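Student: Mapping the sequence shown onto our numbering, position 5 (from 1) lands on 5, and the numbers just tick up by one.
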Amino acid sequence: MLDFFADFLNPKGLLCTIRESKTLDIEVACRQLRESLASSIYYNLKKTKIF
Numbered sequence: 001m002l003d004f005f006a007d008f009l010n011p012k013g014l015l016c017t018i019r020e021s022k023t024l025d026i027e028v029a030c031r032q033l034r035e036s037l038a039s040s041i042y043y044n045l046k047k048t049k050i051f
C-alpha cells in the first residue's frame with residue numbers, strides 16, 4: 001500500500017521515502033541480551049556455589 005503511494009508521488013516530483021520498521025530487530029536484540037545476561041548470572045551463581 002505504501003509503495004503504491006510512493007509510486008504515485010515520486011513521478012510528480014515529490015520525493016517519498018518509505019522507512020521500514022525496526023521493531024522486530026529491536027525485540028530480537030533485547031531477547032538475546034536478556035538470555036545472555038540470565039546465562040551469565042546463572043553461571044556466576046553456580047561458580048560461587050550459591051545455586
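Built from N, CA and C at the ideal position, the CB exists for glycine as well. Just so it is clear, the structure is predicted and the values come from calculations on it, not from any experiment.
Can you give the Cα-Cα distance for D7 and D25, rounded to whole angstroms?
Tutor: 27 angstroms
Student: Could you spell out the range, first to last residue, of the alpha helix (DSSP H) harbouring T17?
Tutor: Note, T17: premise wrong, no alpha helix (DSSP H); not H, not E.
Student: Alpha carbon to alpha carbon, how far is L2 from C16? Give it in angstroms, no decimals.
Tutor: Straight-line Cα distance between these residues: approximately 10 angstroms.
Student: Let me know the secondary structure DSSP gives T48 once reduced to three states.
Tutor: DSSP places T48 in coil when its eight states are reduced to three.
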